[in-house]
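Please read the structure below before turning to the comments.
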Amino acid sequence: MHDALYDGRRFRTLNVLDDGNRQALGIEVATSIPSQRAIRVMDQLIELHGKPAALRLDNGSELTAHAFAAKDRQIDLRFIAPGNPNQNAFIERFNKTYRTEVLNAYVFESVEQVQEITDDWLTEYNEQRPHDALGRVPPLTYLPREITAGESSFKLST
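Quick note on numbering: the sequence shown equals residues 10 to 167 in our numbering.
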C-alpha cells in the first residue's frame, strides 16, 4: 500500500498476514521497500513465527524482483494473476480496514509515527478485535500459533 505524510512525502507499507488464523504478522512502513528489505522482513517473520509452506504474493515490483523470488527458502511462491485482486481477497479486505482505520484516520508527520500507530493498531487487531469469520474472537485467541515448519502460509501485499 502507499500513502503520503502531511508534507507530501510518500511512504509504502508491506502487509503480511497468516492465512490460517488471520493474524496480521506485521506491517513494515518505509519511504521505500525494495526487494532486499522485503527479504529482511520475511526472514524476521520466519524467525519469529516459523517457516510457512507458501507465500501468496501480489505483483508489486519488490515482490516479483529476482532477488526476492530467487532467495532459496524452500517456500512455495504463489503470485496472484495480474489484475485479479479477488485471488487475494482476504488481504484486500484487511488492506481496506487498515486504510480506513489508520491511514485515512490520521495526519502523519513522519514514517516513524506511521509505524508507531500501526504497531498499536496491530496489537488491537490481533489480540482484542473479534473477527466474524473466526467465531467473533481475535486471531490470537482463535488459533494460537505453534511454530511448526510448513503448516502455515503467509500473504504479502504492498
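Just so it is clear, CB atoms sit at the ideal spot from N, CA and C, and this is done for glycine as well.
With the rule of 3 Cβ pairs closer than 8 Å, the segment 93-100 counts as touching the segment 21-31. The beta carbon of R87 is closer than 6 Å to those of A63, R65 in its chain, skipping five residues each way along the sequence. The alpha-carbon of A90 is positioned some 31 Å away from that of R138. Contact annotation: S119 and L14 have beta-carbon atoms nearer than 8 Å.
A Cβ-Cβ distance of about 11 Å is found for the pair R18 and H11, leaving them out of contact under the 8 Å criterion. Per the coordinates, the alpha-carbon of E37 lies some 18 Å from the alpha-carbon of V116. Per DSSP, E37 lies in no alpha helix (DSSP H) segment; the continuous beta strand (DSSP E) that holds it begins and ends at 33-39. Between A47 and L131, the gap from beta carbon to beta carbon reaches 8 Å or more. A distance below 6 Å between beta-carbons, with the five flanking residues on each side excluded, links I42 to the following residues of its chain, in chain order: R21, L23, E71. Between the C-alpha atoms of D67 and G92 there is a straight-line separation of about 10 Å. Put simply, of I126, Q122, A74 the residue whose alpha carbon is nearest the alpha carbon of E110 is I126. Residue range 44-58 is occupied by the alpha helix (DSSP H) that includes L57, with no beta strand (DSSP E) assigned at that position.
The Cβ atoms of G69 and V50 do not sit closer than 8 Å to each other. Counting every other CB atom within 10 Å of its CB across the protein chains shown gives N30 a total of 16 or more, marking it as buried. For V123, no beta strand (DSSP E) encloses it; the enclosing alpha helix (DSSP H) starts and ends at 120-136. For N30, the three-state secondary structure derived from DSSP is coil.
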